[in-house]
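Asker: All residue numbers for the sequence shown refer to my numbering, where the first residue is 458 and numbers rise by one.
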Amino acid sequence: MRLIVPALASVLALAAPTVASAAETPAGGATAASDDLLGDLTVAASKRPTPALRLPKVGVEEPVAGALDGGLAALVRRDLELSFEVDLVAAPAGPVAEADATAEGAPEDPAAYVERWRGAGAEFVVRASAEARGAETVLSVALVDLSEGISPVFKRSIVVGPEVSARDVGHRLVDALLGALTGYSGPFASELAFIRTRGGERQVFTIDADGEDLRARSPAEQLALSPAFGPGHVLYWAASVDRGRYRLYRDGDPEPLALEGAPRGSIYGVAFSEDRTALALSLAADGGVRVFVGAVAEEPAHAVEL
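1. Taking just the CA atoms, how far does G643 sit from A531?
2. Spell out the partners DSSP gives S723 in its beta bridges.
3. Looking at the strands, I want to know which residues DSSP matches up with F438.
4. Select from D544, S540, L537 and R573 the residue whose C-alpha is nearest the C-alpha of A550.
5. P609 to A585, Cα distance in whole Å?
6. Taking the straight line between their C-alpha atoms, what separation do you get for F645 and D536?
7. Got a sec, what are the start and stop residues for the beta strand (DSSP E) L682 sits in?
8. Give me the Cα-Cα distance between V468 and G496, rounded to the nearest whole angstrom.
9. What alpha helix (DSSP H) runs, 4 residues minimum, are completely inside the region 622 to 651?
10. Here's the rule: buried if 16 or more other CB atoms are within 10 angstroms of the residue's CB, otherwise exposed. What is G687?
11. Assuming the contact rule is C-beta atoms closer than 8 angstroms, L740 and V750 should be a hit. Round their C-beta distance to whole Å, please.
12. State the Cα-Cα distance for the pair D699 and S622, rounded to the nearest angstrom.
13. Any idea what DSSP makes of Y570, helix, strand or coil?
14. Do you know offhand how far G689's Cα is from R707's?
15. Would you mind stating whether L692 and R704 have Cβ atoms separated by less than 9 angstroms?
16. Secondary structure at L716, three-state DSSP: helix, strand or coil?
17. From P552 to E519, what distance separates their C-alpha atoms?
18. How would you label T499, buried or exposed, when you count the other beta carbons within 10 angstroms and need 16 or more for buried?
19. Going by the DSSP bridge assignment, what does T761 pair with across the sheet?
20. Which residues in the same chain have their Cβ closer than 7 angstroms to the Cβ of L529, if we skip the five residues on either side of it in sequence?
21. Alpha carbons only, please: which of V727, A637 and A666 is nearest the one belonging to A681?
22. On the DSSP letters alone, give me the boundaries of the beta strand (DSSP E) that S614 sits inside.
23. Can you find the residues in the same chain that come closer than 6 angstroms, C-beta to C-beta, to D632, ignoring five residues on each side of it along the sequence?
24. Which of the three DSSP states is assigned to L532 in this structure?
25. On the three-state DSSP scale, how would you describe E658?
26. Between which two residues does the beta strand (DSSP E) holding Y706 run?
27. Out of L600, G618, L671 and A685, state which residue places its alpha-carbon closest to the alpha-carbon of R534.
28. What residues in its chain sit with their C-beta under 7 angstroms from that of P619, if we drop five residues either side in the sequence?
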């Protein structure tokens, strides 16, 4: 480096006069070019505020006191608030749903209904409803565009049986509603799976996208890690019991899954492909950590080294 730096300086010193001379004496007597080859860029300052993204102004109808749809309306309102995709406005004063609703669920006086909600600042109104049909319940959401009257421009209904979570269905309805409003489906039907550490315990927990319904999914006696959703949205994870090796577990099965094709060892990572059909495991065996791929759709599960 001590030889290169002086040499480079000498080259630059010799080159500089040559460039200056060429600029001072253009060939053919032409006028000297401007020193500013790129020109000037003029930026005009402005005191105007930066335009903000305009969100649709949406209101949610208040349910009739004691109606089945009370919980659904509260869930819809909360999800819309958390989405940050709409400007949620408060319902106008007065028992709107009770005073205005007919047997068909439409306002009795369309003009008064539109005027009341526009006075509250709304552009769209969401109606959430629940109808009992024997052992089942029909949950529905409808979107009213006040600029087009009182008839819904979008409606989605889902039948809920005794074995189905009404909360899950409610989140799916809000996701569809956000899709109608913004063009992009919402995230609220999804779950987050994670490891919660308390004392010496490491358990798999899940929670809804709205921060509700926190549930432990793995037993306290398991030291769990790497939860992942597999086929049918069933949860899988690796866990150790009584200081044993980490094995593959499935939600609802107390015993570890048999795994053909892979050597005996500890599993430290579990992942699934986007369509949940292919399984990938990081498995420590024979003095190293190797990656195996396979499937769990059939019994027993199987995996081969990648």
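Where is the CB? At the ideal position from N, CA and C, for every residue including glycine. Keep in mind that this is a model prediction, so the values were computed, not measured.
Answerer: Let me spell this out:
1. Annotation: A531 to G643 spans about 17 angstroms, alpha carbon to alpha carbon.
2. DSSP, once it has assigned bridges, lists A741 as partnering S723.
3. There is no way to answer for residue 438, as the model of the chain reaches only from 458 to 763.
4. The option with the nearest alpha carbon to A550 is R573.
5. P609 and A585: Cα-Cα distance of roughly 12 angstroms.
6. When rounded, the separation of the alpha-carbon atoms in F645 and D536 is 7 angstroms.
7. Judged by DSSP secondary structure, L682 falls within the beta strand (DSSP E) whose first and last residues are Q679 to F686.
8. Residue placement at V468 is flagged as unreliable, the pLDDT there being 38, under the threshold of 50; the coordinate-derived value follows with that caveat. One C-alpha to the other measures close to 29 angstroms.
9. The alpha helix (DSSP H) runs of length 4 or more contained entirely in the region 622 to 651 are, from start to end of the chain, 623 to 639.
10. G687 sits buried, since 16 or more C-beta atoms from the chains shown fall within 10 Å of its C-beta.
11. About 11 angstroms; that fails the 8 angstroms criterion.
12. C-alpha separation (whole angstroms): 35 angstroms.
13. Correct three-state label for Y570: helix.
14. In this structure, the CA atom of G689 is about 12 angstroms from the CA atom of R707.
15. No, these two residues do not count as a Cβ contact at 9 angstroms.
16. L716 falls in the strand class under three-state DSSP.
17. Residue confidence is low: P552 scores 46 on pLDDT, short of 50, so the model does not pin down where it sits. Its coordinate-derived value is still stated next. Their backbone Cα atoms lie some 7 angstroms apart in a straight line.
18. So T499 counts as exposed.
19. The question names Thr, yet the displayed sequence has Val at residue 761. According to DSSP, V761 bridges with V750.
20. Taken in chain order, the residues that qualify are A585, A587, L596 and G627.
21. Answer by Cα proximity: V727.
22. P609 to V617 is the extent of the beta strand (DSSP E) around S614.
23. Around D632: S642, G643, F645 and A646.
24. Looking at L532 - three-state DSSP - the assignment turns out to be helix.
25. If DSSP states are grouped into helix, strand and coil, E658 belongs with the strands.
26. Run containing Y706: R704 to R707, per the beta strand (DSSP E) assignment.
27. It is L600 whose Cα lies nearest to the Cα of R534.
28. For P619, the CB contacts under 7 angstroms within the same chain, skipping 5 residues up- and downstream, are A592 in chain order.
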